[in-house]
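Inspection log for the structure reproduced underneath, given as structure tokens.
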Amino acid sequence: MRVLISGGGIAGLTAAYWLHHHGHEPVVVERAPRGQFGGYGIDFFGTGHDIAARMGLIDRLAAHQLPTEDIRYVDARGRLRSRLERRLLEKVIGGPYLALMHARLEEALADAVRGRVEIRHEQRIAAVGQRPDGIDVVFADGAADSFDLLVGADGVHSATRELVFGPESRFARRLGYTMACYPVPDSYGLGPRRIHYSEPGRQVVLYPTDTPGELIALFLHRTADQTAPPRAERRAALRDAFDGMGWITPELLAAAPEDIFVDGLTQIRMPRWHRGRVALIGDACAAMTLTSAQGASMAMAGGYLLAEALHRHDARTAAFRACEARLRPAVTLRQDHARSFARFLVPATRAGLAVQGAVSRIGMRDAFAGLLRRGYGDTTSILGGA
Ligand SMILES: Cc1cc2nc3c(=O)[nH]c(=O)nc-3n(C[C@H](O)[C@H](O)[C@H](O)COP(=O)(O)OP(=O)(O)OC[C@H]3O[C@@H](n4cnc5c(N)ncnc54)[C@H](O)[C@@H]3O)c2cc1C
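For what it's worth, the working numbering labels the leading residue of the sequence shown as 838, then goes sequentially.
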């Protein structure tokens, strides 16, 4: 089958790899130029790790791990409040764990399909028409083509979803937080650690990337309106939102570049992930937000399981249903968890912060690995013996 995939990110590239593996002809359209990938770190374990292993990517990914030996919570003067060692984190997750730049995973997936799958960069779908025996697509540059199936893997603000299922507002659940992040030079002597500093309703996180001398500064704050300001206003908006914040926040804000990645924490919840010859995977149908720490994993699961279901079932609707039936319970569980964990991660009040501090001080020990595991939600691979 000729399958058009909109979006060459984690979900789209994984789907392309496995569709090709099962003998299909995937074509990917990606709106970004070639070689441009997202710049933030991810925790990577469970299902995603399992699929990456089946693709032979683990050695390559492991070679690019972020140099984080522990996660620290500090006070306004940078003094240690609590600490989660990587060793304990691995015990809590109960399986292999990698800390990676999102871009490294995308690069590894892009290389895995290179020469096997056509990827059209700086291209996107403008219109879709479904026939009983195929799907007609018009691209943004006016070109037209026909395919057997269309897979929407174009992220939380998916254009495929908008074109085929309806506006984002119908499916979006705003968690009430906005995040921003950007790289800064390491002039703070951070060392091999990720540091969190919180005040009521806002949190700053700083961690090293896999490029020596570079850090990512990540800002998370509670907001009634999650709409990202226009690019030219983002730096000023961020400085306003974090005005007066302690620790090294003023220096981090002063180092902000003009172009800042800003987005609201939005989950996508849809009654059905497919319509006719179109199926959605990854954040497009199941965004969980960064507080799940499993969005990339579930995006890979969507690509892998969809290709597997199309291989196992002759009828496409049966395949779409089988994939959704397998994945939806795992996604819902992680979305519910991510929603409640966001409230714990960024408490609204001083009292909430005190609770967070006490739980962290007591909980981040071997003896409390079980409690911590509950905090992380379900970290196991959903593939089992598949
Ligand atoms: C700051 C941050 C931290 C995170 N931390 C973690 C973590 O620790 N662990 C984890 O597992 N997940 C984490 N996530 C979530 C994870 O990154 C996402 O869930 C995952 O990237 C989803 O993959 P995807 O392929 O569905 O979407 P995306 O990665 O968003 O990829 C979508 C692709 O589609 C392209 N695209 C968009 N629109 C169009 C269009 N109209 N036409 C063509 N192409 C288009 C985009 O350019 C992109 O390449 C984090 C996310 C953020 C923002």
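Using N, Cα and C, we set each Cβ at its ideal position, and we do this for glycine too.
Item                                                                                                                                                    : Value
List the whole-angstrom C-beta distance separating Leu-987 from Met-838, where the pair is believed to meet the contact cut-off of C-beta under 8 Å.    : About 11 Å; that fails the 8 Å criterion.
By Cβ distance below 7 Å, which residues in the same chain neighbour Ala-805 in space, the five residues on each side in sequence not counted?          : There is simply no residue 805 to check, as the chain begins at 838 and stops at 1223 in what is shown.
Ile-1105 by DSSP, collapsed to three states: which one?                                                                                                 : strand
When you compare only the Cα positions, how much space is there between Phe-882 and Ala-1092?                                                           : 32 Å
Would you list the residues sitting across from Phe-976 in a DSSP beta bridge?                                                                          : Ile-962
Under 8 Å between the Cβ atoms of Leu-1000 and Ile-962?                                                                                                 : yes
How long is the line joining the alpha carbons of Met-1135 and Ile-930, rounded to whole angstroms?                                                     : 16 Å
If I'm right that Gly-1140 touches Ala-852 with Cβ under 8 Å, what's the distance once you round it to whole angstroms?                                 : 3 Å
What is the residue span of the alpha helix (DSSP H) that Glu-1157 lies within?                                                                         : It should be pointed out that residue 1157 corresponds to Phe in this sequence rather than to Glu. Start and end: 1153-1182.
Of the residues Ala-869, Tyr-1025, Arg-951 and Asp-912, which one's Cα is nearest the Cα of Arg-1198?                                                   : Asp-912
Among Thr-1128, His-958, Gln-1063 and Thr-1169, which has the Cα closest to the Cα of Ala-869?                                                          : His-958
When the Cα of Leu-1027 is compared with those of Ala-1152, Ile-1085 and Gly-846, which residue comes out closest?                                      : Ile-1085
Any idea if Ala-1130 is buried or exposed, counting beta-carbon neighbours within 10 angstroms, 16 or more meaning buried?                              : buried
Got a sec? Which residues, its chain only, sit under 8 Å from His-1033 by beta carbon, not counting five neighbours each side?                          : Ile-908, Arg-909, Tyr-910, Val-911, Gln-1040, Val-1041 and Val-1042
Mind checking Ala-1061: buried by the 16 CB within 10 Å criterion, or exposed?                                                                          : exposed
So does the segment 1112-1123 actually touch the segment 1065-1079, counting three or more Cβ pairs closer than 8 Å?                                    : no
Since Leu-935 and Gln-902 should fall inside the 8 Å C-beta cutoff, what is the C-beta to C-beta distance between them, to a whole number of angstroms? : 6 Å
When burial is assigned at 16 or more other CB atoms within 10 Å of the CB, is Pro-1045 buried or exposed?                                              : buried
Who are the near neighbours of Ile-847 in its chain, counting only those whose CB is closer than 7 Å to its CB and skipping five residues on each side? : Leu-942, Glu-943, Leu-946, Gly-1119, Ala-1133, Ala-1136 and Met-1137
Cβ-heavy atom distance between Ala-869 and ligand 1 below 7 Å?                                                                                          : yes
Go to Asp-982, then tell me how far its beta strand (DSSP E) extends in each direction, as first and last residue.                                      : 981-984
What number of angstroms, rounded off, separates the C-alpha of Glu-1005 from the C-alpha of Arg-916?                                                   : 42 Å
Where Ser-1024 and Asp-1080 are concerned, what is the direct C-alpha to C-alpha distance, given to the nearest angstrom?                               : 21 Å
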